[in-house]
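Heads up, the thing below is written out as structure tokens.
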Amino acid sequence: MPWVAAISSYRLFQWAWKKWTEQTPMEFVDPTLRGSCSRNEVNRCIHIALLCVQENASHRPSMATIALMLNNYSVTMSMPRQPASFLRGRTPNRLNRGLDSDQSTTSSIPWSVNEVSVTEVYPR
Numbered sequence: 001m002p003w004v005a006a007i008s009s010y011r012l013f014q015w016a017w018k019k020w021t022e023q024t025p026m027e028f029v030d031p032t033l034r035g036s037c038s039r040n041e042v043n044r045c046i047h048i049a050l051l052c053v054q055e056n057a058s059h060r061p062s063m064a065t066i067a068l069m070l071n072n073y074s075v076t077m078s079m080p081r082q083p084a085s086f087l088r089g090r091t092p093n094r095l096n097r098g099l100d101s102d103q104s105t106t107s108s109i110p111w112s113v114n115e116v117s118v119t120e121v122y123p124r
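With the UniProt record's numbering applied, the sequence shown has no gaps in its numbers, which climb one by one up to 124 at the end.
In structure tokens form, the structure reads like this:
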């Protein structure tokens with residue numbers, strides 16, 4: 001699956017998890033950048049990133065620990081668990097309720113476990 005198509009099919013962290021667990025981290029890197037970085041370096045960065053998106057906040061490293069992991073290759077890193085991935089949405093729920101066609105109820109699907117994960121991307 002091409003890199004761009006994969007990103008549109010998966011959330012970024014799901015794609016990172018997939019490539020990391022398949023031991024194919026270079027497939028996560030933009031093809032134009034692949035020649036300028038090492039596989040070990042990419043694998044390490046994905047590993048650290050996966051630790052940062054752990055479902056349980058207590059399993060995530062502090063910023064000081066992240067800086068240490070990025071700058072010191074002798075640091076032993078814990079193994080990340082698969083990141084949680086939930087979507088919050090409002091969906092019509094008319095099944096088996098006997099509602100008229102102009103009536104509906106909604107149900108929520110969790111976006112994240114603690115409902116505080118927000119990502120806003122800004123250019124540098």
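Ideal placement from N, C-alpha and C gives every residue a C-beta, glycine not left out.
Per DSSP, reduced to three states, the secondary structure at residue 37 is coil, with no helix or strand assignment.
Closest option to residue 73, judged by alpha-carbon separation, among 24, 48, 12: 48. Here the alpha carbon of residue 35 sits roughly 12 Å from the alpha carbon of residue 27. With fewer than 16 other beta carbons inside 10 angstroms of its own, residue 67 counts as exposed. Distance from the CA atom of residue 22 to the CA atom of residue 13, rounded to whole angstroms, is 14 Å.
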